[in-house]
Amino acid sequence: MSNSIIKPQKGISRRSVLQGMGAAAGTGLALQAMPGFVRYSQAATSEPVKIGLQLHRTGIGASYGRWYERVTAAAVKVINDGGGINGRPVEVIVEDDGTDPKRGAEVVEKFATQHKVDVAYGTLFSHVVIGSAPRAGELKLPYVVVSEGHHVASGKLNRYVFQPGITDVRSQVIAMAPWISKNLGKKVTMIFPDFAFGHDHRDYFSEAIKAQGGQVAGLIAIPPTESSFTRYLPQISSDTEVLYHVMVGPAVLTFVKELGQFFGSSRPQIFGFIDSLEAVDLATPQLEFLEDTYFWEGNPRYAQKDQTEYDKFYREMVGVDANGASTSDQKDISTYSHMFGCWESLFAIKQAMEASGYEGQTPKDKQGFIEAMEAIQKFDEGREHPQGDKIFNGKNHQCYGHQNISKVTGGRLEVVHRTAIEDGLYEVSADYTTMSL
Amino acid sequence: MDLGPFLLLATLEGLLQAAVLTLTALGLSLVFGVMRIVNVAHGEFYMLGAVIAWWTASLLSSNPAAGFFLALVISPLLVGAIAYACERLILKRLEYDPEATIVATIGMLYVIQQTVLIAYGPDAHPVEAPFFFRVQFPWFGYSGYNLFVIAAAIALLGLCWYILTKTRLGLIMRATQFDRETAQAFGIPIGKVYGYVFAAGAMLAAIAAVLIVPIRQAHYLMGLDPLLLSFIVVIIGGLGSLRGTVIAALIIGLSDGIISVFFSPTLAKMISTLLVALVLVFKPQGLFGARAR
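So the sequence lines, in the order shown, correspond to chains A and B.
At position 182 of the first sequence (counting the first as 1) the number is 182 in the UniProt record's numbering, and the numbers step up by one without a gap.
At position 174 of the second sequence (counting the first as 1) the number is 174 in the UniProt record's numbering, and the numbers step up by one without a gap.
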């Protein structure tokens, strides 16, 4: 599979940058007066900062990958239009990991040895992250993941791995468990994919609901490659008050449809992670039964009444309309709940590189970058962080933010509750900073 | 849920599985029976059938029923044509050498899969069912379309049985299978028969895929499971035996449905694989297969 490159806008070559710098020399004002001119002039070098995007372009994560690539391109454009990182343009090199852990590790290796990127970033599925992270550590390549699993935060990986753009599952579920037990019910049956990401749900939501005085009536684990689900549904005991579902991959639509067929109108309360419906149109026939059910959303797919100007800006830049579909194709539904993580991670990389005065790929620069990232304590809500403010823990390399609980109302997802950052905090036991660099 | 309703749902799921599996496995079995070719690309013809069904149905997306039934005609025809071309261009030139054809069909598997990936993309796309109603049992609901798939598969099997046993076409196929040289001596154009049989095998997989795609979506990686299950069915039933294929598909489909519901789908897969091993040890020709002559 050939790789592709997201280049700085306007096809700026080194020569054209040098020419531009020459022309603008001594005329600082002229730079301000030329809108769109990229100001790389203060950089010690005009060589681009190379970021390797490890992408689920194919395989079961492809619908996320499509959007992760678009969001990355949009964020890179914003960064480059604003002068790049430390005055250097950003260039993104894309490699497909096929949503496959083995290929994931190969991609990381390719980034380090062949493309010689400054940072690898991007991948989502937890098994790919877990498969790739050890190689990134061995190659001493900073590896910024846009996953959700608890693998980074748990301390299971290594010092080179960060998750600054999206909260981990453990934090998500403990933030929402009190709301679920208070508003929907205390007896929960869980349906989750049978791999690391699903196991985080199983372990930490079970723990959280028990802490609320609730109980788990059943745990239904489904292999991630499964394409049919009806056979699992009889395991849902009849006294279940809340059905908690989280599924991933290409079969998610089949899953929700079969859930609807099975229950009809006589269903328990249903709380789903939007993962079960990412990239799927809510208006698809047979999904009407989802009306009045609830979903977790990292970032609300439908523009809300109190939409921030930052969400508006971000939505426009990544080409998503108020209903969460691509502005160029109504049928192309975004993975809005997760993909903001790419945008925010890139700005976190920028922030750390600027704080450390990152210049190139020397061990000192890399060390400086990692320590600068670890020193970050919070991200303020803004254009760089449209999903909301976050705090960042330098010890376990994980950020913590707000979660949204949305209700399906009239075929739209309306946010009914937004958790506070504190709701999702847990005692952090991991400390990557004690590992050597 | 009580045992009765549990068993009912398991049986329905098993029958659905068996229905689709019978058609797919029959295609594989037919190709092996007549041509003595192990078609490793069979699952990809199934996938291709689903993808073409999506493409056809999206041309007529305003009317799901029209789109679906158009797909039911166009998809098998196109898949048949592609399979025919593959047979003429590749397998014929290898003179149906057993080892070479295995490698060639593995190659076809990857070429078809990657071509679909490039042309159709890596996402799963749904095809809307021609009609949708829920059959509400007292304990759970079941899709009426699933029941239609079971009925349609039974009808198609009947048609296959009729063609194979009662028509001249079937006679020619059976003659070719029975003794290639003698059939040729009686003026049967063996080459043509092989081409058509290979196409027909692929078409059966494509029909199965069109029937299932409103339930399971079209995805470029969907060919692997039906290939494995078809092999399991064909080995248990006996290669080239229509009766064996149907009975083995029923056994595998129903046991898969029932074991999956009562225990776990992984256990169901393990048991079917174990069955294959047992059949290979104790009755290598399969339950209904003829001994090699």
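Each residue gets a CB set at the ideal place from its N, CA and C atoms; glycine is no exception.
Close beta carbons around residue i, own chain, < 7 Å, minus the five adjacent residues each side
i                 : result
proline 130(B)    : Pro64, Ala65, Phe68, Phe69
alanine 268(B)    : Ser255, Asp256, Ile259, Ser260
isoleucine 112(B) : Ala41, Glu44, Leu48
lysine 110(A)     : Glu95
lysine 350(A)     : Ile79, Ile85
leucine 169(B)    : Ile163
serine 61(B)      : Gly67
leucine 141(A)    : Val108, Phe111, Ala112, Ala120, Tyr160
proline 250(A)    : Ile60
Own chain, CB closer than 6 Å to residue i, minus 5 neighbours either side, in chain order
i                 : result
isoleucine 191(A) : Ile220, His245
cysteine 399(A)   : Pro164, Lys390, Phe392
glycine 253(B)    : Gly14, Gln17, Ala18, Leu21
tyrosine 194(B)   : Met35
alanine 10(B)     : Gly257, Ile258, Val261
glutamine 212(A)  : Ala177, Pro178, Ser181
alanine 372(A)    : Ala352, Ala355, Ser356
glutamate 128(B)  : Pro64
glycine 198(A)    : Phe192
Test: residue i CB closer than 7 Å to a CB of chain A
i                    : result
serine 260(B)        : yes
glutamate 95(B)      : no
glutamine 217(B)     : yes
serine 61(B)         : no
glutamate 13(B)      : yes
leucine 8(B)         : no
phenylalanine 140(B) : yes
proline 214(B)       : no
leucine 3(B)         : no
alanine 241(B)       : The residue you asked about is not alanine; residue 241(B) is serine in the sequence shown. It does not: the Cβ of serine 241(B) has no partner Cβ on chain A nearer than 7 Å.
serine 255(B)        : no
Within-7 Å CB hit, residue i to chain B
i                : result
serine 63(A)     : yes
arginine 70(A)   : no
arginine 231(A)  : yes
glutamine 261(A) : yes
serine 265(A)    : no
proline 268(A)   : no
leucine 243(A)   : no
leucine 124(A)   : no
threonine 293(A) : no
leucine 282(A)   : no
threonine 58(A)  : yes
leucine 277(A)   : no
threonine 254(A) : yes
proline 101(A)   : no
proline 250(A)   : yes
proline 224(A)   : no
proline 48(A)    : no
Minimum C-alpha distance to residue i - residue among the options
i                 : options                                    : result
histidine 115(A)  : Glu95(A), Tyr302(A), Glu148(A)             : Glu95(A)
threonine 24(B)   : Ile74(B), Ala53(B), Val246(B)              : Val246(B)
leucine 26(B)     : Gly286(B), Pro98(B), Leu239(B)             : Leu239(B)
methionine 317(A) : Arg383(A), Gln269(A), Val256(A)            : Arg383(A)
isoleucine 37(B)  : Val234(B), Val276(B), Lys283(B), Ala155(B) : Val234(B)
serine 345(A)     : Lys331(A), Tyr121(A), Ile60(A)             : Tyr121(A)
tyrosine 220(B)   : Tyr110(B), Leu117(B), Tyr84(B)             : Leu117(B)
glycine 4(B)      : Pro234(A), Leu287(A), Thr99(A)             : Pro234(A)
leucine 253(A)    : Asp281(A), Tyr68(A), Ser265(A)             : Asp281(A)
isoleucine 270(A) : Val248(A), Thr240(A), Gln286(A), Asn299(A) : Thr240(A)
leucine 290(A)    : Gly264(A), Ala303(A), Lys312(A)            : Gly264(A)
glutamate 99(B)   : Leu147(B), Asn39(B), Ala248(B)             : Asn39(B)
Supposed contact pair residue j and residue i - C-beta distance, whole angstroms, cut 8 Å
i                    : j                : result
phenylalanine 340(A) : tyrosine 314(A)  : 7 Å
valine 210(B)        : alanine 50(B)    : 7 Å
isoleucine 333(A)    : alanine 279(A)   : 5 Å
valine 173(A)        : glycine 214(A)   : The Cβ separation is near 12 Å, so there is no contact.
alanine 208(A)       : histidine 151(A) : About 18 Å separates the two Cβ atoms, so there is no contact after all.
Residues of its chain near residue i, where Cβ-Cβ distance is below 8 Å and the 5 sequence neighbours each way are ignored
i              : result
proline 101(A) : His127, Val128, Ile130, Gly131, Ser132
Test: residue i CB closer than 7 Å to a CB of chain E
i             : result
serine 227(A) : Of the protein chains in this structure, namely A and B, none is chain E.
I'd like the ranges of any beta strand (DSSP E) spanning at least 3 consecutive residues and lying wholly in the stretch 99-184 of chain B.
Runs of the beta strand (DSSP E) inside the stretch 99-184 of chain B: 134-136, 141-143.
Segments assigned beta strand (DSSP E), at least 3 residues, entirely inside the stretch 218-285 of chain A
Whole beta strand (DSSP E) segments, 3+ residues: 242-245, 269-273.
In chain order, which alpha helix (DSSP H) runs of at least 4 residues are fully inside the stretch 250-283 of chain B?
Those alpha helix (DSSP H) runs which fall completely within the stretch 250-283 of chain B and span 4+ residues are 265-282.
Of all the beta strand (DSSP E) runs that stay within the bounds of the stretch 56-132 of chain A, which reach a length of 3 or more residues?
Whole beta strand (DSSP E) segments, 3+ residues: 90-96, 119-121.
Which runs of the alpha helix (DSSP H), 4 residues or longer, sit entirely within the stretch 157-226 of chain A?
Complete alpha helix (DSSP H) runs here, min 4: 169-183, 196-211.
Suppose only complete runs of 4+ residues qualify. What are the alpha helix (DSSP H) ranges in the stretch 57-91 of chain B, listed by chain order?
Fully enclosed alpha helix (DSSP H) runs of no fewer than 4 residues occupy 64-86 of the stretch 57-91 of chain B, in order along the chain.
Beta strand (DSSP E) runs wholly inside the stretch 371-436 of chain A, at least 3 long, in chain order
Complete beta strand (DSSP E) runs here, min 3: 390-393, 398-400, 404-409, 412-418.
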